[in-house]
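A short worksheet on the structure shown next.
Residue numbers (our numbering): 350 to 872.
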């Protein structure tokens with residue numbers, strides 16, 4: 350009875366730890382996926398400049414799950430002060446596009462008809478174009494032309510080689526602003542503005558962002574019959590398991606496999622010890638059964654049947670305990686992950702919480718049952734080798750020879766009577782002694798492994814999210830070194846600046862001016 354209780358307890362502990370690790374991996378991957386959706390949008394493939402026929406082909410494909418379409422209404426001059434971004438790029442979209450393409454409102458509301466427009470915040474912060482919600486803006490929409498070729502958002506602005514061709518005008522009411530969209534390339538010549546789908550507009554090309562039922566099918570488009578360009582949401586594809594970034598899964602699943610292996614090894618040691626005690630206590634019973642004709646197969650089946658009962662009770666309870674434990678843990682620390690990635694602007698919907706998948710439960714159940722059966726197999730084989738006479742005498746487990754239990758006097762000097770009795774006890778039953786040593790060894794290994802993992806994870810996070818020693822950074826584009834120096838001298842001479850540094854990148858004449866100001870002077 351005591352051995353069975355220990356087996357159940359150890360199987361519960363083993364299943365709980367395995368479930369906690371598997372559920373943590375699934376929950377963390379789900380968290381990263383939802384983070385990618387929030388930042389980049391819920392799409393795998395983007396088709397730029399697609400025709401109406403291309404859209405119809407995508408809609409009819411059974412492998413495609415969802416399609417978010419946008420009308421390319423055209424470019425318009427925006428009066429931006431940024432010489433590399435002089436246009437407004439207007440898209441006509443529907444509700445599903447705005448809900449799934451990471452459109453995050455800053456002020457106002459989303460457009461509800463084709464006469465309302467949503468402007469990006471960086472039109473003001475980067476282009477210095479001022480406007481108010483409720484203002485009206487008449488835009489001359491058209492295309493960018495370079496020797497008869499229509500340019501897209503992925504063709505940077507080249508003043509000498511392109512021209513703007515106006516085609517029609519629209520008057521819009523500004524209803525809100527939103528954060529810079531991630532589907533706008535940083536070299537794009539136009540600030541992306543969104544209006545509602547306009548059926549009356551003379552549209553000939555579209556943007557389409559789609560998801561597939563199998564993420565690995567995301568690279569099927571565009572096919573050979575399409576003339577449009579394509580972009581891929583590598584972040585979401587990586588978290589979906591369909592990206593070429595195999596190192597992500599190597600690290601994540603490799604770490605889980607190592608931890609589960611350590612848990613498995615320690616659990617087998619503990620459960621084996623418990624079954625050994627159970628079998629040792631019942632050795633006399635096995636001897637009596639052998640004496641009346643019980644076969645080795647029957648005795649072995651008896652122990653394995655007990656193991657199945659123990660696993661059938663302990664493993665499900667352990668799975669529930671593991672889910673409860675990791676669920677409570679993530680409930681208290683989940684918000685800290687959001688704060689680490691998003692700061693004070695963290696979306697409350699994006700937090701690390703428990704995600705239960707049937708795959709993780711099945712893996713935990715199978716590994717838990719295999720652990721119990723492996724732990725019971727060795728004691729079961731040992732029980733079948735004992736003859737009836739040896740089983741009745743219990744001579745296989747207990748050593749009572751004086752020579753066998755002889756203990757050095759130093760043991761009594763250093764550890765007194767308690768140490769002397771413990772030493773004699775373990776000498777009488779070496780299997781229990783070895784099980785105790787192995788259990789202590791596994792405890793040390795698990796502690797050192799977890800400590801090392803936390804240390805390396807902290808170091809990696811510190812390297813990726815390195816805190817810089819400056820407070821403000823200015824990106825300045827000038828043509829000559831003298832102009833760069835003048836801008837640097839002007840900025841570094843501002844009152845309150847303590848230190849300043851300038852760095853010129855290797856991409857053209859772009860200078861990075863880094864200024865450090867005291868915190869009290871920052872506005």
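A virtual CB, placed ideally from N, CA and C, is assigned to each residue, including glycine.
The alpha carbon of residue 539 has as its nearest neighbour, out of 421, 664, 667 and 523, the alpha carbon of 421.
In this structure, residue 521 sits away from residue 550, with a CB-CB distance that is not shorter than 9 Å. Put simply, of 719, 666 and 440 the residue whose alpha carbon is nearest the alpha carbon of residue 610 is 719. Note that the region 426-437 does not touch the region 562-574; fewer than 3 beta-carbon pairs, one per stretch, sit closer than 8 Å. Within the same chain, Cβ atoms closer than 7 Å to the Cβ of residue 473 are found at 479, the five residues on either side in sequence being excluded. Bounds of any alpha helix (DSSP H) do not take in residue 513; it lies within the beta strand (DSSP E) bounded by 512-527.
Residue environment: residue 707 is assigned as exposed (fewer than 16 neighbouring CB atoms within 10 Å of its CB, all protein chains considered).
Excluding five sequence positions before and after residue 529, the CB atoms of its chain that fall closer than 7 Å to its own CB belong to 469, 470 and 471, given in chain order. Taking a contact as a CB-CB distance under 8 Å, the pair residue 482 and residue 463 does not count as one, their CB atoms being some 18 Å apart.
In the three-state reduction of the DSSP assignment, residue 545 falls in the strand class.
Under the DSSP assignment, residue 465 falls outside any alpha helix (DSSP H), being part of the beta strand (DSSP E) whose first and last residues are 465-469. For residue 499, the closest of 428, 430 and 424 by C-alpha to C-alpha distance is 424. Secondary structure at residue 667: helix, using DSSP grouped into helix, strand and coil. Only residues of its own chain outside the window of five on either side were considered, and among them 395, 396, 399, 403, 404, 407, 416, 417, 418 and 419 have a CB closer than 8 Å to the CB of residue 557, listed in chain order. Sequence-distant partners of residue 756 (beyond 5 residues in either direction) whose C-beta falls short of 8 Å from its own C-beta, in its chain, are 769, 772, 773 and 776. Three or more beta-carbon pairs separated by less than 8 Å are not found between the region 487-497 and the region 570-587, which leaves the two stretches without contact.
The bridge partners DSSP lists for residue 421 are 440.
The Cβ atoms of residue 489 and residue 431 do not sit closer than 9 Å to each other. The continuous beta strand (DSSP E) containing residue 488 extends over residues 485-495. Taking the C-beta atoms as reference points, residue 451 is found no nearer than 9 Å to residue 409.
By the neighbour-count criterion, in which a residue is buried when 16 or more other Cβ atoms sit within 10 angstroms of its Cβ, residue 555 is buried. In this structure, the alpha-carbon of residue 699 lies about 15 Å from that of residue 375.
According to the DSSP assignment, residue 402 belongs to the alpha helix (DSSP H) that extends over 401-409. For residue 587 and residue 542, the gap between their C-alpha atoms comes out near 29 Å.
Per DSSP, residue 830 is one residue of the alpha helix (DSSP H) stretching across 830-841. Rounded to the nearest whole angstrom, the C-alpha separation of residue 429 and residue 475 is 8 Å. The DSSP-derived three-state label of residue 415 is strand. Around the Cβ of residue 615, a 10 Å sphere holds 16 or more other Cβ atoms; the residue is buried.
Within a 10 Å sphere around the beta-carbon of residue 466 sit 16 or more other beta-carbons, which makes this residue buried. Under DSSP, residue 456 shares a beta bridge with 526. Only exposed fits residue 765, as fewer than 16 other CB atoms lie within 10 angstroms of its CB. If you ignore the 5 residues before and after residue 617, its C-beta comes within less than 7 Å of the C-beta of 720, 723 and 724, all in its own chain and listed in chain order.
Note on residue 585: 16 or more other CB atoms within 10 angstroms of its CB, so buried under the neighbour-count rule. A straight line joining the alpha-carbon of residue 366 with that of residue 675 spans about 9 Å. Residue state for residue 848 is assigned as strand, using DSSP reduced to three classes.
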